[in-house]
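One structure below.
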Amino acid sequence: MERDQTEELRALQDTLYFIGGKWRIPVINSICNGNRRFREIERSIPGITTRMLSKELKDMELNKLVKRTVYPETPVLIEYEPTEYCRTFGNIIQEMINWGREHRRVIVGDR
Numbered sequence: 001m002e003r004d005q006t007e008e009l010r011a012l013q014d015t016l017y018f019i020g021g022k023w024r025i026p027v028i029n030s031i032c033n034g035n036r037r038f039r040e041i042e043r044s045i046p047g048i049t050t051r052m053l054s055k056e057l058k059d060m061e062l063n064k065l066v067k068r069t070v071y072p073e074t075p076v077l078i079e080y081e082p083t084e085y086c087r088t089f090g091n092i093i094q095e096m097i098n099w100g101r102e103h104r105r106v107i108v109g110d111r
């Protein structure tokens, strides 16, 4: 079967755009690990600013990766949860974690 390199490159670029940036994967990981409220997510990711987290969550909602639910309480309660579509990325994230661990062992082991 002949591979379509143009299509493969486009798919890789789409994936890199999706995971690009410093915060997207940590936000997905936090939400998939059970953090639902904004402050919980924020506290679970050292170094992320409130503004950046807000931007990432809005972008992820637009891209159908998280579902935002507003509960009409006082004060207003907002929760985020991963969509089924977002969860399809879980295996990729796990493989990235595994690769990162192995890479660290290789690099640190060479010293």
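Be aware that the sequence shown starts at 1, since it is given in full-length UniProt numbering, and climbs by one per residue.
Note that beta-carbon positions come from the ideal geometry of N, C-alpha and C, so glycine has one too.
- Taken in chain order, the whole beta strand (DSSP E) runs of length 3 or more contained in the region 42 to 97 are 66 to 71 and 77 to 82.
- By the Cβ neighbour-count rule, ILE78 is exposed, with fewer than 16 other Cβ atoms within 10 Å of its own.
- Taking C-beta atoms as the reference points, ARG36 and GLU56 fail to come closer than 9 angstroms.
- Here ILE28 is buried. Its C-beta has 16 or more other C-beta atoms within 10 Å.
- Shortest Cα-Cα distance from GLY21 to any of ASN91, MET60 and CYS86 involves MET60.
- Judged by DSSP in its simplified three-state form, ARG37 adopts strand.
- Distance from the CA atom of ARG51 to the CA atom of TRP99, rounded to whole angstroms, is 30 angstroms.
- In the three-state reduction of the DSSP assignment, ASP14 falls in the helix class, which pools H, G and I.
- Judged by DSSP secondary structure, ARG24 falls within the alpha helix (DSSP H) whose first and last residues are 24 to 32.
- Excluding the 5 residues flanking it on each side, SER30 has same chain C-beta neighbours closer than 7 angstroms at ILE41, SER44 and ILE45, in chain order.
- Distance from the CA atom of ILE107 to the CA atom of VAL76, rounded to whole angstroms, is 47 angstroms.
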